[in-house]
Structures are given as C-alpha cells and as structure tokens.
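**Q** Mapping the sequence shown onto the numbering used here, position 121 (from 1) lands on 169, and the numbers just tick up by one. All C-beta atoms, glycine included, are put in the ideal place defined by N, C-alpha and C. Quick one: the structure is below, questions incoming.
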Amino acid sequence: MKRVVFYTNQFFGQIGGEEQTDLRPFIKEEAVGPAVEIQKELHDAVIVATILCGDNYYAQHMEESRRTIMNMMDRLQPDLVIAGPAFNAGRLGIACGDVCASAAEQFHIPALTGMYIENPAVELYRHRTMIVKTGKTAASMRKALTVMTTLANDLLQGKLLPDPEKAGIFSKGVRENVFKEKTGAQRALDMLVAKLSGQPFETEIPLPTYDRVDPAKGVTDLSRATIALVTSGGIVPENNPDRLPAATAKHYCVYDISTIDALQEGAYESVHAGYDPVAANLNPNRIVPIDIMRELEHSGRIGKLHPNFYSTTGNSTSVADATRMGKEIAADLKQHRVDAVIMTST
49 MKRVVFYTNQ FFGQIGGEEQ TDLRPFIKEE AVGPAVEIQK ELHDAVIVAT
99 ILCGDNYYAQ HMEESRRTIM NMMDRLQPDL VIAGPAFNAG RLGIACGDVC
149 ASAAEQFHIP ALTGMYIENP AVELYRHRTM IVKTGKTAAS MRKALTVMTT
199 LANDLLQGKL LPDPEKAGIF SKGVRENVFK EKTGAQRALD MLVAKLSGQP
249 FETEIPLPTY DRVDPAKGVT DLSRATIALV TSGGIVPENN PDRLPAATAK
299 HYCVYDISTI DALQEGAYES VHAGYDPVAA NLNPNRIVPI DIMRELEHSG
349 RIGKLHPNFY STTGNSTSVA DATRMGKEIA ADLKQHRVDA VIMTST
C-alpha cells in the first residue's frame, strides 16, 4: 500500500480562521479536510497523515516551517505528497508550493498541489512542482480534487503524464524530444497556412507575454514635489462606510487627509482579509504612513502631501480589475498634478 501525506492550512484543516493563522506545524495521523475526499478515490494508497500549519506562521517563518515539515516527512516516508488546493489564496499557495517543491527535491518523490492562475505562487513554483489548474475559490473544490486525485493515482502507478494542457496542469516549461511524422519545416508551414486562413492551430513553442511598463522619470527635486499615498492594504475609516470588500475588490476608495497629521487607532482600520490586521489596526500608519509623510512635509524634504489617499484590497483581486483601478487612480493623480506616488501593500 502506497503512503500519501497531505498538507493544508488551519482553515481547510478545520482548526479555525484568521485567529489561528499563527499555528505552528503539527501532524494529525489521519485524513483531514479535503484529504477525506481524496482518500475515497485513491487506488492502493492511504493518506497516513495530514500536516497542518497556520498561513501566517509559514509565511513569517518559512525556513523554520520548511525544515520542520521536511523532518516530519522524513519520519512519515511518503510515496507522494498532496497539498491544498490553494485556489487564489496567496499565503496558502506559497506554503503549498514550497512544501511540494521541497519534498520533491529532498526525497525524490512526486508532489502536487492546485491553484488558480492568478495565485502568485503559480509563477514561483510551477517550474519546481506539479500544480493543477483550479477555479478562483473553494466553490470549485470538487472539480479540483477530481483532477488532483486522478493525477495522484497516475503518479503512484508510475504512469507518464499526458500533455500539461490536456492534463489540466500548469506547464513546467520543460521541453522533451518527441517523434513526429512531419518535419519541423512542414509543421511550421501548416501552422502558418492555418493562421493566414483563420483556421485554429496550436503552436509547439508558446511565447510568454509580458505587460511591459516603461518606468517614469525620477523626481529631480523632492522639496517641490507633491507626493500621494496609495495602498492595497485595505485601510478605511472605522466601520468601513464605503463597504470596501475584504477580497476580490472591484472598486477603490478615496479619503481626505488634508487636516490629518496621522491616522489614529479606532478612527481607521484594515478590512483586508489576506493578512492579520491587528498591527495595522493598532497603528494604521504602518500601512498608510501619513505620520512620516507629514514630518517630511513640515521639514521641507517634500513639497507637500496630496490631500487624499487611495485605498483598495489586493486580496484575490483579478488582474483585470487591478489594472482598471490602477489606470483610474493614475488619471486622477495626473489631473491633480501629483509628481510621485508611494504605493504600500500588506
């Protein structure tokens, strides 16, 4: 019977939510959370343990967490590691990617996880471990687990995996030699003819696409410059009067700070669902540093602070919505003759 170890966070491990994000890595010698459904479809394999760790703890103590979990893996002796799926949760995605990549490299065993295409961990770990394409949220859990379990059974049986696109996984970018009936020149001409005639075709070497942005010219004299503050850290007035979403934001908020020298505890708070907001709520200037900017303004280091700050939540926000909001904010700043922007996150 093959041995499988499963990894997940405090939420999917049914321990708790944000209040348990500092949970240290520990083992449950049973299938927990999504692992229960995975176990039902595994062939000749058993999930011998679930390793759980809080999202914040792994992110803030990555080397220690990785070392601890790899020591656990060494004792458990798995034939396969499954993590997640993480969907669009960035902190969980980083942990799942790191656990799978480390286990595969240290123990020379297969490992797989699942993520949404916009999860930042996809680009960080797709070349080091197998990542199944999932939907954005846990609403697609059943579909994701079906694909992951099918691949897990194939990996445990030593089967060669099909084309990444057909298998529903992100390509690792590894090129392999294969035999074709037609030469490369003939295949290239066939694709060219198909493209010119508007017919479907599939390139054998897909080219990466990048959103290139030319950097702006530097500010030559800060003592005359107007500086604005923009944040994706979700800082809003108390009780969130404009209902800024905690995640998947589609709008941003603008707040007047013309008469404020610092953001006060209790008057402003973070509504961001992607990090522990305790430190930000105690001192909102940690995310939107109005206090420091006022000091620079009063000392003449900068010309002035723009009278408004702009706030949204970057947690699970789509690239399309982020791009649109960025362009709208930039247009407004340009209209008000702002010379530079300090963009803060979490």
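From what residue to what residue does the beta strand (DSSP E) around Phe-155 run?
**A** Phe-155 -> not in any beta strand (DSSP E); alpha helix (DSSP H) instead, spanning 138 to 155.
**Q** For Ile-217 versus Val-261, is the C-beta distance shorter than 9 Å?
**A** No; because the gap between Cβ atoms is not below 9 Å, this pair is not in contact.
**Q** Do the stretch 365 to 385 and the stretch 319 to 330 touch if we need at least three Cβ pairs shorter than 8 Å?
**A** Output reads no: the stretch 319 to 330 does not touch the stretch 365 to 385.
**Q** Using only CA atoms, which one of Phe-155, Asp-211, Ala-295, Thr-279 lies nearest to Val-226?
**A** The shortest C-alpha separation from Val-226 is found at Asp-211.
**Q** Below 8 Å on the Cβ atoms is my contact criterion, and I expect Lys-191 with Asn-136 to pass it. Report the Cβ-Cβ distance as a whole number of Å.
**A** About 15 Å; that fails the 8 Å criterion.
**Q** Who are the near neighbours of Lys-220 in its chain, counting only those whose CB is closer than 7 Å to its CB and skipping five residues on each side?
**A** Closer than 7 Å at the Cβ level, and outside the excluded window around Lys-220, lie Arg-174, His-175.
**Q** With a threshold of 8 Å, are at least 3 pairs of Cβ atoms found where one atom belongs to the stretch 262 to 281 and the other to the stretch 327 to 344?
**A** Yes: the two stretches touch, three or more of their Cβ pairs being nearer than 8 Å.
**Q** Bridge partners of Ala-97, per DSSP?
**A** Beta-bridge pairing links Ala-97 to Val-53.
**Q** By how many angstroms is the C-alpha of Tyr-55 removed from the C-alpha of Asn-201?
**A** About 17 Å.
**Q** Please report how far the alpha carbon of Tyr-164 lies from the alpha carbon of Ala-264, in whole angstroms.
**A** Each residue's alpha carbon lies about 32 Å from the other.
**Q** Could you tell me the boundaries of the beta strand (DSSP E) in which Gln-384 lies?
**A** Correcting the residue identity first, residue 384 is His in this sequence and not Gln. Taken as a continuous stretch (DSSP letters only), His-384 belongs to no beta strand (DSSP E), as it is neither H nor E.
**Q** For Arg-349, does the count of other Cβ atoms within 10 angstroms reach 16, so buried, or fall short, so exposed?
**A** It counts as exposed.
**Q** Just to confirm my understanding: we take Leu-209, look at its own chain, exclude 5 residues before and 5 after, and list those with CB closer than 6 Å. What are they?
**A** Result list for Leu-209: Ala-215, in chain order.
**Q** Smallest Cα separation from Asp-69: which of Thr-361, Met-341, Ala-321, Ile-390?
**A** It should be pointed out that residue 69 corresponds to Thr in this sequence rather than to Asp. Among Thr-361, Met-341, Ala-321, Ile-390, the Cα nearest to that of Thr-69 is on Ala-321.
**Q** Can you list, in chain order, the residues of its chain with a C-beta nearer than 6 Å to that of Arg-235? Leave out the 5 residues immediately preceding and following it.
**A** There are no such residues.
**Q** Just to confirm, is the Cβ distance from Gly-138 to Asn-363 under 9 Å?
**A** Cβ distance < 9 Å, so Gly-138 and Asn-363 count as in contact.
**Q** How about Thr-197 and Ile-86: are their beta carbons less than 9 Å apart?
**A** The answer is yes: Cβ separation under 9 Å.
**Q** Per DSSP, which one or two residues make a beta bridge with Lys-181?
**A** Lys-181 pairs with Met-163.
**Q** Just reading off the beta strand (DSSP E) that Tyr-303 is part of, what are its end residues?
**A** Counting along the chain, the beta strand (DSSP E) containing Tyr-303 begins and ends at 301 to 304.
**Q** Identify the continuous alpha helix (DSSP H) that holds Ser-113 and give its terminal residues.
**A** Note, Ser-113: alpha helix (DSSP H), 110 to 124.
**Q** Starting from Gly-132 and walking both ways along the beta strand (DSSP E), at which residues does that stretch end?
**A** First-last of the beta strand (DSSP E) with Gly-132: 128 to 135.
**Q** On the three-pair Cβ rule with 8 Å, is the stretch 118 to 135 touching the stretch 147 to 160?
**A** With a cut-off of 8 Å, the stretch 147 to 160 and the stretch 118 to 135 count as touching, because enough Cβ pairs lie within range.
**Q** Which of the three DSSP states is assigned to Gly-216 in this structure?
**A** Coil.
**Q** For Pro-332, name the three-state secondary structure that DSSP assigns.
**A** Helix, per DSSP.
**Q** Just grab the DSSP bridge partners of Pro-285 for me.
**A** The partner list for Pro-285 (beta bridge, DSSP) reads Tyr-316.
**Q** Any idea what DSSP makes of Asn-356, helix, strand or coil?
**A** It is a strand residue.
**Q** From the DSSP output, read off the bridge partner residues of Lys-88.
**A** Per DSSP, none; premise fails for Lys-88.
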